[in-house]
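Trainee:
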Amino acid sequence: MYQPDVSEAAIGSAFTLQPLIDVVAALRAPDGCSWDRLQTHSTLRRYLLEEVYEVLEAIDNRDTNNLREELGDVLLQIVFHARLAEEQGLFTVQDIIDDITAKMIRRHPHVFAKATSKELAETQLNWEALKSQEPGHDKKTLLGGISKGLPALLGAQKLQEKAAKVGFDWDSEPPVWAKFKEEIAEFKEAIAQKDYENAELEGGDVLFSLINLLRWYKIGSENALNRTNNKFRHRFAHVERCVKDSGKSWKDFSLEELDLFWESAKVSEQKHSLK
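Just so it is clear: in the sequence shown, position 187 is 187 by our numbering, and no numbers are missing.
(1) For L56 and R227, I'd like the C-alpha separation in whole angstroms.
(2) Just the C-alpha distance for S147 and G155, rounded to the nearest angstrom, thanks.
(3) Just mark S268 as buried or exposed, buried being the case when its beta carbon has 16 or more other beta carbons within 10 Å.
(4) Taking Cβ to Cβ, would you say T92 is nearer than 8 Å to A82?
(5) Measure the CB-CB distance between L67 and I78 and report whether it falls below 8 Å.
(6) Would DSSP call C242 helix, strand or coil?
(7) Rounded to the nearest angstrom, what separates F187 and G203 at their Cα positions?
(8) For the alpha helix (DSSP H) containing H81, name the first residue and the last one.
(9) For the putative contact between D169 and A178, defined by C-beta atoms under 8 Å, what is the C-beta separation to the nearest angstrom?
(10) Would you tell me roughly how many angstroms separate the C-alpha atoms of L76 and K266, rounded to the nearest one?
(11) Please report the straight-line C-alpha distance between L210 and V23, rounded to a whole angstrom.
(12) So R37 packs on R28, CB below 8 Å; how close in whole Å?
(13) For Y217, which three-state DSSP category applies?
(14) Could you name the residues of the same chain whose beta carbon sits closer than 6 Å to that of S221, not counting the 5 residues immediately before and after it, in chain order?
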């Protein structure tokens with residue numbers, strides 16, 4: 001059975017992906033791991049997604065040790081997908097590295113070609129122009145390069161940012177606020193009429209306009225909601241501990257009593273922030 005060389009001598013002093021590449025190749029070999037041999041790009045999709053979210057969680061928790069581990073898991077997924085492609089004669093890990101290296105050099109002429117860029121805005125416009133010239137880039141539409149597979153919040157923000165770069169944007173804050181309030185009113189009207197199919201559309205418009213409002217204040221909607229999710233998770237855990245410590249079950253408490261536990265969690269947070 002093939003054994004990859006992962007000794008210190010093989011790794012040497014220079015950075016190399018070869019030991020990991022060899023490990024994945026061994027797993028995919030005829031006498032390798034039966035589970036790994038069954039995997040395809042499609043079956044691995046969920047694992048890549050899970051690993052990326054675990055990286056984000058490590059970043060949010062400022063857990064550098066875990067971040068190192070989770071980045072390794074993402075790297076494994078990249079090497080695995082590259083191995084599948086190599087087996088089909090499509091591309092290799094080195095092709096991936098060569099392509100992204102060339103792309104970054106091409107998109108930074110002010111660094112690698114010594115071109116000047118007087119203002120950040122000019123650099124950003126140049127970035128978009130350079131991207132549009134690359135092979136495989138959808139030149140037919142301005143929004144064609146935005147993946148439809150992005151999480152909805154992030155996708156909405158990228159759509160708005162792309163449109164704003166060509167001038168399709170409000171010229172001041174008041175109309176942004178007005179649009180947000182208008183969408184809320186339309187959502188309320190749909191609910192009042194019990195038109196729930198339209199309410200779903202109007203609810204989406206409320207979210208889209210709120211994301212746009214946050215964008216105007218340079219607040220990332222994904223980060224904002226993630227912080228709120230974490231806050232809710234922390235406070236609800238406090239409520240859960242209070243219920244458990246009481247020796248009672250959830251059904252024994254009224255909503256008002258549970259809300260008192262919730263408020264105590266908020267007080268605890270405030271005390272902790274003052275330390």
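The beta carbon of each residue, even a glycine, is placed where N, CA and C say it ideally should be.
Mentor: Taking the coordinates as given:
(1) The residue labelled residue 56 in the question sits at position 56 within the sequence shown. The residue labelled residue 227 in the question sits at position 227 within the sequence shown. Their backbone Cα atoms lie some 12 Å apart in a straight line.
(2) Position 147 of the sequence shown, counting from 1, holds the residue named residue 147. Position 155 of the sequence shown, counting from 1, holds the residue named residue 155. Cα to Cα, the separation comes out at about 8 Å.
(3) Position 268 of the sequence shown, counted from the start, is the residue given in the question as residue 268. Counting Cβ neighbours within 10 Å, S268 comes out exposed, since fewer than 16 surround it.
(4) Walking along the sequence shown from the start, residue 92 turns up at place 92. Walking along the sequence shown from the start, residue 82 turns up at place 82. Yes, these two residues count as a Cβ contact at 8 Å.
(5) Locating residue 67 in the sequence shown gives position 67, counting from the first residue. Locating residue 78 in the sequence shown gives position 78, counting from the first residue. Not a contact, by the Cβ cut-off of 8 Å.
(6) Here the question's residue 242 lines up with position 242 in the sequence shown. If DSSP states are grouped into helix, strand and coil, C242 belongs with the helices.
(7) Sequence index remark: in the sequence shown, residue 187 carries index 187 (1-based). Sequence index remark: in the sequence shown, residue 203 carries index 203 (1-based). Taking the straight line from one Cα to the other gives about 6 Å.
(8) As a working note, residue 81 is residue 81 in the sequence shown. Looking at the DSSP string, the run of the alpha helix (DSSP H) that includes H81 is T64 to E87.
(9) By 1-based counting over the sequence shown, the position of residue 169 is 169. By 1-based counting over the sequence shown, the position of residue 178 is 178. Contact doesn't hold; Cβ gap of about 14 Å is too wide.
(10) As a first step, residue 76 is located in the sequence shown; it is residue number 76 there, counting from the start. As a first step, residue 266 is located in the sequence shown; it is residue number 266 there, counting from the start. Roughly 40 Å separates the two Cα atoms.
(11) Your numbering for residue 210 matches position 210 in the sequence shown. Your numbering for residue 23 matches position 23 in the sequence shown. Taking the straight line joining both Cα atoms gives about 47 Å.
(12) Taking the sequence shown and counting its residues from 1, the one referred to as residue 37 is at position 37. Taking the sequence shown and counting its residues from 1, the one referred to as residue 28 is at position 28. The Cβ separation is near 6 Å, so the contact holds.
(13) For the purposes of this step, residue 217 is identified with residue 217 of the sequence shown, where counting begins at 1. Three-state DSSP puts Y217 in coil, outside helix and strand.
(14) By one-based count along the sequence shown, residue 221 stands at place 221. Once the five neighbours on either side are set aside, the close Cβ partners of S221 are L153, Q157, I211 and L214.
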